[in-house]
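In what follows, a structure is listed as structure tokens, so that the remarks can point back to it.
Shown next, in the form of structure tokens:
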């Protein structure tokens, strides 16, 4: 545990900030249809919230939120959600990703807007899972002592 | 070697600055990008066709849905490659 992780100020601020950052990420994803934003940006912000938590409270606590197994499932779930939306359009007789072929609402444009939101959520899930997975994989293993850079263990 | 690298950087930067003189002015409505028929088509029809106000999102997620699916696949593949290369523990 390094010095910055013991600071009560940083721990408290992070504990308060993380839910709001996550909420803002959801806002950015859903708001992508009518303003700046979208799945990529929102996914990165949500991933940053989890990474911030894991940086201060430790990798082990971070993995309690989103474990490696969940991470692997999520990163492919987003892609399946995207491609599945495209295939759903084919089921209803349209082309791949031709959203207005799905008879969800009487107005085809409304259906397209809803399915575009689904696709954005899929992008967000994949980006979030990949970002968190990258952070967990390149972070050094935690040690008992206070050394920032522990020496290599003799093989 | 550093002199050579500096020369290469200066040469490339000079070429970019020289080529940048011919770019249309920012927001120039006579520039080729605004004159193309597809620009008018997207501005006028995208809201009726896709149901979203944001033309950028309409292009990204609807007209160019294939492209965005490919981008998401690239991110997914990059993540999987990092897991394969860096994960030292048992899965």
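Chains as they are written, first to last, in our numbering: chain A, 486 to 640; chain B, 26 to 116. The beta-carbon is built from N, C-alpha and C at its ideal position, and this holds for glycine as well.
The region 609–624 of chain A makes contact with the region 550–559 of chain A, as at least three CB pairs between them are under 8 Å.
Against chain A, the beta carbon of residue 78 of chain B has neighbours under 9 Å at 518, 519, 520, listed in chain order. Here the alpha carbons of residue 490 of chain A and residue 540 of chain A stand approximately 8 Å from one another. Annotation: the continuous alpha helix (DSSP H) that includes residue 516 of chain A extends over 493–516.
Residue 593 of chain A and residue 558 of chain A have their C-alpha atoms some 32 Å from each other. Residue 556 of chain A sits buried, since 16 or more C-beta atoms from the chains shown fall within 10 Å of its C-beta. Within its own chain, the residues whose Cβ lies closer than 6 Å to the Cβ of residue 604 of chain A, once the five positions on either side in sequence are excluded, are 567, 570, listed in chain order. When secondary structure is reduced to three states using DSSP, residue 83 of chain B falls in the helix class. Assignment of beta strand (DSSP E) within the region 547–585 of chain A, counting only whole runs of 3 or more residues, yields no such run. Assignment of residue 71 of chain B by DSSP, reduced to helix, strand and coil, places it in the helix class. Residue environment analysis places residue 492 of chain A among the exposed positions, since fewer than 16 neighbouring C-beta atoms fall within 10 angstroms of its C-beta. Residues of the region 51–75 of chain B that bring their beta carbon within less than 9 Å of a beta carbon in chain A comprise 72, 73, 74, 75, in sequence order. Separation of the CB atoms of residue 535 of chain A and residue 524 of chain A is rounded to 16 Å, and the pair is thereby denied contact status at 8 Å.
Under the Cβ distance rule, residue 605 of chain A counts among the residues neighbouring chain B, one pair being separated by less than 8 Å. In this structure, A:506 is the residue among A:545, A:506, A:544, A:546 with its C-alpha nearest to the C-alpha of residue 528 of chain A. Taking residue 573 of chain A as the centre and dropping the five residues before and after it, the same chain places the C-beta of 587 closer than 7 Å to its C-beta, in chain order. Residue 106 of chain B and residue 560 of chain A have their C-alpha atoms spaced approximately 12 Å apart. The C-beta distance from residue 622 of chain A to residue 108 of chain B rounds to 6 Å, short enough to meet the 8 Å contact threshold. Among the residues facing chain B, residue 601 of chain A is included, as its CB has a counterpart in that chain under 8 Å away.
Using beta-carbon distances, residue 34 of chain B does not count as an interface residue toward chain A, since no partner is under 8 Å. A direct Cα-to-Cα measurement between residue 47 of chain B and residue 26 of chain B gives close to 33 Å.
Taking the CA atoms as reference points, residue 69 of chain B sits about 12 Å from residue 77 of chain B. Assignment of residue 101 of chain B by DSSP, reduced to helix, strand and coil, places it in the helix class.
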